[in-house]
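In this note's numbering, the protein residues as written are 202 to 414.
Cβ coordinates follow ideal geometry from the N, Cα and C atoms, glycine included.
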Ligand SMILES: [Fe+2]
C-alpha cells in the first residue's frame, strides 16, 4: 500500500539525487597518458626505433605544413590588387589542400604510435618557415613567400621520403611522395606562373598597329 509521501511525489533531494549521473563532471585534471616524443607501440610490424624516427621527421613536416596552410589563409584574406578575385580563390583552394595534408600527416604520426603536434604555440616553436609580418604585403611578395615555404617543405619531404624508404617505412614514404611532394609541386606551378613577367596586353617589341597608313 502506497504511503502518504509516495503520493506527494519525490522530494527535492530525491530529484537532486536522480540527476546526479547526468551532470557534467567539470575541472578534471590528470597526468598525460603518453608523453610527447614517446612511442606507444602498435602492431604494425615496424621497429619502434623506425616509428620514432619517422614520427620525429613527420612532426617537423607537420609544423611546416600547418604554417604553410595558415600562410595561405593570411594571403587569402589580405590579397589586394587587380588579381584579387582569382588569387583570393586560388589561395583558399591551396589552403584547403594543405589542411587535408595536415590531417593526413598527423594521423600517420598517430598510426606510428607517436603523438602529433597540434597547438599553435608548439607549431610556432618548431617550424622552420620564416615568420611573415602581421601586416599586408603586395601580391609578388605574398607569392614569393609562399614559393619559398613550398621549397623548404619539398626539400625536407624528399630527404624524409628517402630516409623512410631506407628504414623500410613504406607507408610514410608513400605519404610523403604521393601526397606531400606531389601536392606541393603542383601548387608551386600554379603560384609560380603568376610571377612570370609577361606583358598583359601587347607583345614585347611589337610595332604599333597600323592606323591606316
Ligand atoms: Fe574565405
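Does the Cβ of residue i lie closer than 7 Å to at least one heavy atom of ligand 1?
i, result
"residue 265", "no"
"residue 297", "no"
"residue 293", "yes"
"residue 277", "yes"
Look at the alpha carbon of residue i and the alpha carbon of residue j, and state the distance between them as a whole number of angstroms.
i, j, result
"residue 398", "residue 273", "22 Å"
"residue 299", "residue 355", "13 Å"
"residue 236", "residue 270", "26 Å"
"residue 224", "residue 297", "38 Å"
"residue 351", "residue 379", "16 Å"
"residue 288", "residue 265", "22 Å"
"residue 202", "residue 231", "Residue placement at residue 202 is poorly supported in this model, since its pLDDT is 47, which falls under 50; the coordinates are not used for a value here."
"residue 333", "residue 219", "56 Å"
"residue 335", "residue 213", "57 Å"
"residue 319", "residue 215", "44 Å"
"residue 362", "residue 371", "9 Å"
"residue 406", "residue 400", "11 Å"
"residue 302", "residue 221", "43 Å"
"residue 337", "residue 327", "24 Å"
How about residue i and residue j: do their beta carbons lie closer than 8 Å?
i, j, result
"residue 358", "residue 381", "yes"
"residue 330", "residue 268", "yes"
"residue 310", "residue 263", "yes"
"residue 242", "residue 314", "yes"
"residue 373", "residue 255", "yes"
"residue 388", "residue 295", "yes"
"residue 277", "residue 347", "no"
"residue 258", "residue 317", "no"
"residue 353", "residue 392", "no"
"residue 226", "residue 284", "no"
DSSP on residue i, reduced to helix/strand/coil?
i, result
"residue 286", "helix"
"residue 235", "coil"
"residue 227", "coil"
"residue 270", "helix"
"residue 320", "coil"
"residue 369", "coil"
"residue 408", "coil"
"residue 248", "coil"
Answer with yes or no whether the minimum CB distance from residue i to chain D is below 8 Å.
i, result
"residue 322", "In the structure shown, chain D cannot be found, because there is only a single protein chain."
Can you tell which of the options has its C-alpha closest to the C-alpha of residue i?
i, options, result
"residue 291", "407, 394, 408, 246", "394"
"residue 252", "387, 388, 369", "369"
"residue 244", "285, 278, 283, 312", "312"
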